[in-house]
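Worksheet for the structure shown next.
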Amino acid sequence: MQNRKIWLSVIVILLFLATNLLVDYFRPDSGPFWFRFMFQYFCWLLCIGLGLRICGIRLIKFATDIGLVAKPLYFILWSLLLSAPMLIGFSLTASISPSLTISGFFTSSVFPGFFEEIFYRGFLFYLLWKKFSWNFVLAALASALTFGLGHWYQGGDWISALQIVLFTGIGGVWFAWLFKEWKSIWLPIGLHILMNAYWYIWEISDTAVGSQTANVIRLVTIVLSIGVTLWLRYKKQLPVAVKD
291 MQNRKIWLSV IVILLFLATN LLVDYFRPDS GPFWFRFMFQ YFCWLLCIGL
341 GLRICGIRLI KFATDIGLVA KPLYFILWSL LLSAPMLIGF SLTASISPSL
391 TISGFFTSSV FPGFFEEIFY RGFLFYLLWK KFSWNFVLAA LASALTFGLG
441 HWYQGGDWIS ALQIVLFTGI GGVWFAWLFK EWKSIWLPIG LHILMNAYWY
491 IWEISDTAVG SQTANVIRLV TIVLSIGVTL WLRYKKQLPV AVKD
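Start counting the sequence shown at 291; every next residue gets the next number (the working numbering).
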């Protein structure tokens, strides 16, 4: 059984890395915008389907285990509450971007937040941690490292790129921890979408690093979410989506 888990871990990681490499290599440069934009996410969904098939996990079982079918609105409301420091802080310290569009909101906030959490936390982290019995820290770091590397292109130079990988990698561990504690992928999805949205709505920065003030505000959000989670767990009132 242990050997099987090791081999499946290797196969899933290789499949994951191969998918990202193929997406980068075959990403279309022409054609309808939505096809070019959604190409990556279609490939990710195919990777998830193939990975679950190889591991013998039914799609409905996967969706249930990661909390995808349990009270999405409830956990999104929690994410709205936990991200309030960014909403309030940015509204007080930054101006509204003059280039807001509905399509831009979805392409910069909704789709990346949803699909990245499903792919990196719901798929890779979930399989390594829950199904293959990896230590939480190792599984979280594995998914966070690939998550961070997926944002390196936002840097204009090597120093900026490394900073972005570090920031997003830390964010990946944080999202994985919230997923583990709340047992719902919807909480990190909601936080990811909302944090992207605040970054888009207000004029902060085009990269994942941002300004010093914005980073302080973002840190307050992270600390608040950790504090609330630990407090609710201590009080045994943490509203988990999936019972152990």
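We treat Cβ as the ideally placed atom computed from N, Cα and C, and that holds for glycine.
In this text the structure is predicted, and so the values were computed from the model without any measurement.
Over the uninterrupted alpha helix (DSSP H) stretch that includes residue i, give me the two end residues.
i    : result
E406 : F401 to E406
N425 : Per DSSP, N425 belongs to no alpha helix (DSSP H) and is neither H nor E.
R348 : First-last for R348: undefined, no H or E at that position.
K361 : That residue, K361, is in no alpha helix (DSSP H); it is neither H nor E in DSSP.
T397 : No alpha helix (DSSP H) holds T397; DSSP gives it neither H nor E.
Y315 : Q292 to F316
S519 : Note that residue 519 is Thr in the sequence shown, not Ser. Counting along the chain, the alpha helix (DSSP H) containing T519 begins and ends at Q502 to Y524.
Can you list, in chain order, the residues of its chain with a C-beta nearer than 8 Å to that of residue i? Leave out the 5 residues immediately preceding and following it.
i    : result
F415 : A429, A430, A432, S433, A466 and F469
F409 : W334, C337 and I338
Which one or two residues does DSSP pair with residue i in a beta bridge?
i    : result
W472 : Answer by DSSP bridge pairing: none, since W472 is not bridged.
W492 : I386
With a CB to CB cut of under 7 Å and the five nearest residues on each side skipped, what residues in its chain are close to residue i?
i    : result
F405 : Y331 and W334
T309 : C333, W334 and C337
I516 : none
E407 : F465, I475, P478, I479 and H482
V506 : none
Please return the same chain residues whose Cβ sits closer than 6 Å to the Cβ of residue i, not counting the five positions on each side in sequence.
i    : result
V313 : Q330 and C333
T511 : S373, P375 and M376
L417 : V302
T436 : none
In this structure, does DSSP put residue i in helix, strand or coil?
i    : result
I386 : strand
L528 : coil
S373 : coil
Quiz item: Taking contact to mean at least 3 C-beta pairs separated by less than 8 Å, is the segment 498 to 513 in contact with the segment 374 to 387?
Solution: yes
Quiz item: Any contact of the segment 475 to 492 with the segment 356 to 371, i.e. 3+ C-beta pairs under 8 Å?
Solution: yes
Quiz item: At a cut of 8 Å, does the segment 393 to 400 reach the segment 485 to 495 through at least three beta carbon pairs?
Solution: yes
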